[in-house]
Structure formats: structure tokens, C-alpha cells
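Each position in the sequence shown, counted from 1, maps to that position plus 60 in the numbering used here.
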Amino acid sequence: MRAYRAAHEQSISDPDGFWGAAAKAVTWTKEPTRVLDADRPPFYRWFPDGELNTCHNALDRHVAAGHGDRTALIHDSPVTGTRQRYTYAELLDRTARFAGVLRSLGVGRGDRVVLYLPMVPQAVIAMLACARLGAVHSVVFGGFAPRELAVRIDDAKPKVVVSASCGIEGKRVLPYKPMLGEALRLADHAPDHCVIVQRPQERADLTARDLDWDEAMAAAAPADCVPVAATDPLYILYTSGTTGRPKGVVRDNGGHAVALTWSMANVFGIGPGDVWWTASDVGWVVGHSYIVYAPLLTGATTVLYEGKPVGTPDAGAFWRVIAEHRVKALFTAPTALRAVRKEDPEAALLADHDTGSLRTLFMAGERLDPGTYHWASRVLDVPVIDNWWQTETGWPIAANLRGLDPMPVKPGSPTVPVPGYDLRVLNENGEPCGPGQDGAVALKLPLPPGSLPTLWNDDERYVSSYLSRFPGHYATGDGGYVDEDGYVFIMGRTDDVINVAGHRLSSGAMEAVLAGHPAVSECAVIGVADALKGQVPRALVVLKAGVTDDHAQVAAELVRSVRREIGAVAALKEAVIVPALPKTRSGKILRRSMRALADGVDEPVPATVEDPAVLEALRPVLRPERQD
């Protein structure tokens, strides 16, 4: 790990030198003379006197360099049965023209535009068009409930909302326009205009405020790039807040472009012309960073997938996309692989597709359990690489740097802190923990380029939410440890630590044991209030498709495994077999909501829940003593 250690050491001891060199990979309209502005801690700024345009870096410069005929974007939509390819020149043309549409509607530098779109090329074009004008986009996950959309519209106060007539969830057509109409009725702020992408699956009735995307594009004059300050916001992305009011994570232009360009080469080993597929959604940070910006900043080909890991049409969907588009690296969430494994435990459908182009499978979004790691490694026969990060950081905090210094994999670990991140594990008093000791994972300030500089219009909440727990540090909210080799292990949110009779136990450690059983597809362990012990663990387990073992026998084996691996102190007495676990749309299991339900706490279900009925169906399981 010599190259890694040298890079990480320089990034911490000499951030000006390290990130100043990385900034050379970005095209600036005004080269920065300063790298880090540390004059007003904790509000650090990167490249404070630099100017650039993110869209220019993602599109124009590649065309100007003679790569206009290289494929920039592949839209693969099994739900509509369509495939589309856009070269860099074609994507630039459409982006410049939609920037012209927005400009004609009065959108300029610093104005906000809310995007409420499905996984269609227009979503990428709209994001880049906003960046082209120096406008600030805020993407809201397509299909979000009207009230949640209204809250985000009121906070961002957009001049324009861009939406579609409908989205497609599996085999179901989901009308967007009525939800947008209800959101605008609930919101205090009213945008000047809405631009609507009309889809043939369900067309929408337009009002006087609405413009048809195709008609507007046909009449548009292309707009040039507008240089902006490196510290100007590129986008706002809302993440759930503990108060119910969403937090608007701000991403700047300069640090974002530098960090993502560096990460594609050094973390993911992807270069110009490589085919890269991130199986996520543009409504999430993974979609922003690694469907849209990072691959295009690099000059790679990015795949935009409108479908599911299973059901569109089957559990071989991922293998088909890899084979058809000759994907070099896939980036997805463990929950997607668990869904595939549940439907096709032996990956029989893989035999129908030539996935020889795949060199690496990258995972993030939640903890990669060892069972999923070993399964994916076995069936794909490529390195399976975990990485850990958050909406707030925008790119990996801990990773195995495949382009800089590939390292041995330790199942359960995302490997080491990425250069730029000074990762610490702290005890409750803010003191450093030793190797192997559990604690709160924190990042010493300043955060590297690409991380949030603050929250939208709320510096005070930024400090109280992230910087007050450990002064001088960003509190990630995750717990874990660093082993004697420097490998990071993230064991889950700090509020997922279960306190059993004074013993602090990691729910992630118990879940790792459960997931190791050959019959288990996925699982969750939560701490439930107990009058005697304070908390006791409750395990919920989903079995793989086709498992015929007696459920009671499997449950008993799981309890014995936890007691054997963790110890009797875990006090796990029962593992309940359930048909499904409640999740967000991005695949995170709703442990907090399940814990609230089990404890009889009246807590609102997060707006990000994929199917509220799944959570409600667990009520008798989570709180059996409260059932009539």
C-alpha cells in the first residue's frame, strides 16, 4: 500500500499541494491561485478564486478535443423496451438547446430549477443544462409524494420545475403530472413555468403554466456556458432530517469537479471511453455523482438504466445489460444483489449472457454483508469492491483504490480511508479508539473537495447536525472501528447499537452472522425496549427463493449461530422469518422505523419508503404483545 499511503499522507499534511495537482485535470476559465480557504472555520472553501463551468467540463471540452463521436450516454429501458445512445456531440447539442429553453424562461446564474423526473435521458440533459447556465438544480426522486415535493419546492424556490407525464415502476405506469399538480397546490412557492416531458405510456394535460419539452426544444436557441465561481452551488440534494424537515445538502462546482474527476481514475480505475454503469437513480447522490457527473467529467460512457434488478423481466436483467453494452464496471447497492440472489440463488440466468467485459463490481449505499460479497465473488469471478460514503460527502470516504493502489479485500470492510479524508474513531468523550475498538466514526475538518460546504440557507443547522458532537470533526453518524492494518469496518448507524444490560452490541455484527446462513437472503436486527435489560435484539429474516427448509428449524439455527459467534450476552432468543423488509427507494432497510414500531413510538414513516404496506405488515411481528 505504498502508493496509497504516500497519497493519503500528502492529502492530509499538504492539502494545497495534493488537491492543487488534482485540479490540473479540470478545465478552468480562471485558474485558482488558492486551493483551500481556511479563514472562516468550520466553513472551509476549496479553490475560492477559481472559475469554471461544470457542463463545459462534462461535455464541451471532450467535443473540442475531437471526441464528439464517442458514446457519452446509453439509455437502457427494459420497462419501455427501448435503447438509445447519445454521442458527446449529440448530448452537448441537446443540453445546449435545453439550456436555451431555460434561459428563455428567465433562468440564470444562481436561480433554482427543481427536477422531478424518471430515469430518462431528459433528466441528465436537464441537470447539465442547469449547470451550463450556472443555475442550481435540485433533483427530487420521481414519484415522491406530493407533500414531500411541495416541501422541497418551498425550500429551493425554483423558477422552473421540469417533470414528466409519467414514470414506470416495474409494470406499473405512475402518473407524475397529478402529483406535481397537488404539490404545487400545497406549496407556498409557485414556479413561473413547468416543462413537461410527454411520454407515450401516459400523456398529461397541460395548463397555461406548462410547456411541452419537445415543442420547447424545437424552438430553442442553444445557450453557451456561463462561468461561475468554484464556490458557487451546483446543486441542492435533500436528505431526510430528524425533525421531519429535509436538509438541503449543497454541492459546489469547483471542489465537486476536482474530486469526482480524481475519484474515477483513482478509486474506480475508469478512464475515457470505458463503459461504466451505476445502477441507481438520479434522485439519489449516487446517481448525481456516478451516473451523471463523474463519468462524463472523465470522458467515459455512462449507462442510464430504467428498470429493476428483478422483474424487468427477470433476475438476469443486470447480466443482460452488462453483456449488451460491454460494461467494464458496475456500481450498485448490496440490496440489488440480494434481490437477484433471492430470485436466482445459483445465478442460473447468468449463463445466458456473456459478461466477460466486466472487470469490477463496486458496491455502496449500505453495508456489504459478507454473504452477498462471497456470492457475488463466486458467480461473477471478478473483484467485488465495497465503498462507504454519504449524501453529504458526495464521493467515497473509504474505498479500495483500484486505480491508484489495488489492495487485498477484507470481507465486511470498505478497505481504507480515501485520500482527503482524515478518518478517526472516537469514544463517547471524543478520545481516539485503539485498533479494533468500536466507536463513532468522525472525519477531522476540513472535509476534502466535493463534500458539502454547508446546508442550503442554513449554516446553523449544518453546524448543529454535523459538527457539534465532536468539535473540529464531522460526525458521520456511523459506528465502527479500524483494525491493525488500517482497514475500516462500518457496523451501522450509531443509533443502531443495541445496549443489552450495559453491553453495547453492534446490530451489524449480528446481521453478518445471520446473513452467513445459506438459506438467508437478507436480514435486519433491531434493538427493542426491554424492562429488564434496557434493550434486546429482534431479528427479522427473509429467505432465498426456493428454500424448502422448515422455517422453525432455520430460525433455531440462526439463534444458535448468533449465540455461538457473538455470545450469550447478545440475548437473541428468536429470529422471525418474514416475506420482506421495509426499505427506502434507494434500498436502505428502515431499521429506525421498525424500532419505533416495536417500541410503540408514534413516528412518521419516512417519505422515502418504497412500500408502506411492507412496514405495516410487520406490526404483529415487531410488537406481538400489543396485538389484540
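By construction, the Cβ of each residue, glycine as well, lies at the ideal position given by its N, Cα and C atoms.
Euclidean distance between Cα positions of S473 and R143: For the purposes of this step, residue 473 is identified with residue 413 of the sequence shown, where counting begins at 1. For the purposes of this step, residue 143 is identified with residue 83 of the sequence shown, where counting begins at 1. Computed Cα separation, rounded: 36 Å.
The beta strand (DSSP E) enclosing D609, as first and last residue numbers: One-based indexing of the sequence shown puts residue 609 at position 549. Judged by DSSP secondary structure, D609 falls outside any beta strand (DSSP E); it is assigned neither H nor E.
CB of M423 within 8 Å of CB of D404, strictly: If you number the sequence shown from 1, residue 423 lands on position 363. If you number the sequence shown from 1, residue 404 lands on position 344. Using a Cβ distance threshold of 8 Å, M423 and D404 do not count as a contacting pair.
Contact under 8 Å by Cβ, R462 with T420: Locating residue 462 in the sequence shown gives position 402, counting from the first residue. Locating residue 420 in the sequence shown gives position 360, counting from the first residue. A contact, by the Cβ cut-off of 8 Å.
Proximity of P479 and F78 at Cβ, strictly below 8 Å: Locating residue 479 in the sequence shown gives position 419, where the first residue counts as 1. Locating residue 78 in the sequence shown gives position 18, where the first residue counts as 1. Contact flag set, yes.
Meets three-Cβ-pair contact criterion under 8 Å: the stretch 382-402 and the stretch 216-225: Touching, no, given that fewer than three Cβ pairs across the two stretches are closer than 8 Å.
Straight-line gap, W273 to D334 (C-alpha atoms, nearest Å): As a first step, residue 273 is located in the sequence shown; it is residue number 213 there, counting from the start. As a first step, residue 334 is located in the sequence shown; it is residue number 274 there, counting from the start. When only Cα atoms are considered, W273 and D334 end up about 31 Å apart.
Cβ neighbour criterion (16 or more within 10 Å) applied to S137: What you label residue 137 is simply residue 77 of the sequence shown in a count that begins at 1. Buried.
Under 8 Å between C-beta atoms of E242 and G203: Here residue 242 corresponds to residue number 182 of the sequence shown, with the count starting at 1. Here residue 203 corresponds to residue number 143 of the sequence shown, with the count starting at 1. In this structure, G203 does not lie closer than 8 Å to E242 by Cβ.
Beta-carbon proximity check, V580 vs G431, cutoff 8 Å: Along the sequence shown, read from residue 1 onward, the residue named residue 580 stands at position 520. Along the sequence shown, read from residue 1 onward, the residue named residue 431 stands at position 371. V580 is a Cβ neighbour of G431, given a cutoff of 8 Å.
Continuous alpha helix (DSSP H) assignments of at least 4 residues falling wholly in the stretch 161-233: Listed in chain order, the complete alpha helix (DSSP H) runs (minimum 4 residues) inside the stretch 161-233 are 181-193, 206-216.
For Y148 and H127, believed in contact at Cβ under 8 Å, the rounded distance: As a working mapping, residue 127 is identified with position 67 in the sequence shown. As a working mapping, residue 148 is identified with position 88 in the sequence shown. Distance from H127 to Y148 at the Cβ level is roughly 6 Å; contact confirmed, criterion being Cβ atoms closer than 8 Å.
Where L678 sits in the DSSP three-state scheme: Indexing the sequence shown from 1 puts residue 678 at position 618. Three-state result, L678: coil.
Under 8 Å between C-beta atoms of V622 and M570: Along the sequence shown, read from residue 1 onward, the residue named residue 622 stands at position 562. Along the sequence shown, read from residue 1 onward, the residue named residue 570 stands at position 510. Contact flag set, yes.
Reduced DSSP category for H249 - H, G, I as helix; E, B as strand; rest coil: Looking up residue 249 in the sequence shown gives position 189. Correct three-state label for H249: coil.
Other residues of its chain near C115: CB distance less than 7 Å, five sequence neighbours each side excluded: By 1-based counting over the sequence shown, the position of residue 115 is 55. Cβ neighbours of C115 beyond the five flanking positions: T155, L188, A191, R192, C285.
Spatial neighbours of D688 in its chain, beta-carbon cut-off 7 Å, leaving aside the 5 residues before and after: Locating residue 688 in the sequence shown gives position 628, where the first residue counts as 1. Any answer about D688 is weak, because its pLDDT of 35 lies below 50 and its placement is not dependable; what the coordinates show is given next. Here the set comprises nothing.
For A667 and R207, the rounded distance between their alpha carbons: Position 147 of the sequence shown holds residue 207. Position 607 of the sequence shown holds residue 667. The straight-line gap from Cα to Cα measures roughly 9 Å.
Start-to-end residues for the alpha helix (DSSP H) that takes in M277: In the sequence shown, residue 277 corresponds to position 217, counting from 1. M277 -> alpha helix (DSSP H) spans 273-278.
N-terminal and C-terminal residue of the alpha helix (DSSP H) that F549 is part of: Counting from 1 along the sequence shown, the entry for residue 549 is found at position 489. Run containing F549: none in the alpha helix (DSSP H); it sits in the beta strand (DSSP E), 548-553.
S323 - containing alpha helix (DSSP H), residue span: In the sequence shown, counting from the first residue as 1, residue 323 sits at position 263. Where S323 is concerned, the enclosing alpha helix (DSSP H) starts and stops at 314-326.
Assigned secondary structure, R144 (DSSP; H/G/I helix, E/B strand, else coil): In the sequence shown, residue 144 corresponds to position 84, counting from 1. The residue asked about is misnamed: residue 144 is Gln in this sequence, not Arg. The answer is strand: DSSP assigns Q144 an E or B state.
Span separating the alpha-carbon of L703 from that of Y64: Because the chain spans 61 through 688 in this model, residue 703 falls outside it and cannot be assessed.
Member of R398, V444, L357, T299 whose CA lies at the smallest distance from the CA of S525: On the sequence shown, residue 525 is found 465 positions in, with the first residue counted as 1. The shortest Cα separation from S525 among R398, V444, L357, T299 belongs to T299.
Assigned secondary structure, T114 (DSSP; H/G/I helix, E/B strand, else coil): Stepping through the sequence shown from its first residue, residue 114 is reached at position 54. The answer is helix: DSSP assigns T114 an H, G or I state.
Cβ shell of A354 (< 6 Å), same chain only, five flanking positions each side left out: On the sequence shown, residue 354 is found 294 positions in, with the first residue counted as 1. Around A354: L320, M324.
Cβ-based neighbour list, E692, same chain, cut-off 8 Å, excluding 5 preceding and 5 following: Because the chain is modelled from 61 through 688, residue 692 falls outside the range shown and cannot be assessed.
Through-space distance from G343 to L675, alpha-carbon basis: Sequence index remark: in the sequence shown, residue 675 carries index 615 (1-based). Sequence index remark: in the sequence shown, residue 343 carries index 283 (1-based). Note on geometry: alpha-carbon atoms of L675 and G343 lie some 23 Å from one another.
Uninterrupted alpha helix (DSSP H) stretches inside the stretch 456-525 (no shorter than 4 residues): Scanning the stretch 456-525 for uninterrupted alpha helix (DSSP H) segments of 4 residues or longer gives 519-522, listed from N- to C-terminal end.
Span of the beta strand (DSSP E), counted from its first residue to its last, around V50: The displayed coordinates of the chain run from 61 to 688. Any statement about residue 50 would go beyond what the structure contains.
Where the beta strand (DSSP E) containing G537 begins and where it ends: Along the sequence shown, one-based indexing puts residue 537 at 477. From DSSP, the beta strand (DSSP E) with G537 extends over 533-542.
Pick from V220, L209, T372 that is closest to F308, judged by C-alpha positions: In the sequence shown, residue 308 corresponds to position 248, counting from 1. It should be noted that the sequence gives Gly, not Phe, for residue 308. Ranked by Cα distance from G308, the first of V220, L209, T372 is L209.
Meets three-Cβ-pair contact criterion under 8 Å: the stretch 512-527 and the stretch 99-108: With the cut-off at 8 Å, the stretch 512-527 and the stretch 99-108 touch.
A360 versus A81 - alpha carbon distance: Start at 1 with the first residue of the sequence shown, and residue 360 comes out as number 300. Start at 1 with the first residue of the sequence shown, and residue 81 comes out as number 21. Each residue's Cα considered, the two are about 21 Å apart.
Residue burial classification, E488 (beta-carbon count within 10 angstroms, cutoff 16): Position 428 of the sequence shown, counting from 1, holds the residue named residue 488. Under this definition E488 is an exposed residue.
Beta-carbon gap between V200 and R212 smaller than 8 Å: Taking the sequence shown and counting its residues from 1, one reaches residue 200 at position 140. Taking the sequence shown and counting its residues from 1, one reaches residue 212 at position 152. One thing to note: V200 has its Cβ within 8 Å of the Cβ of R212.
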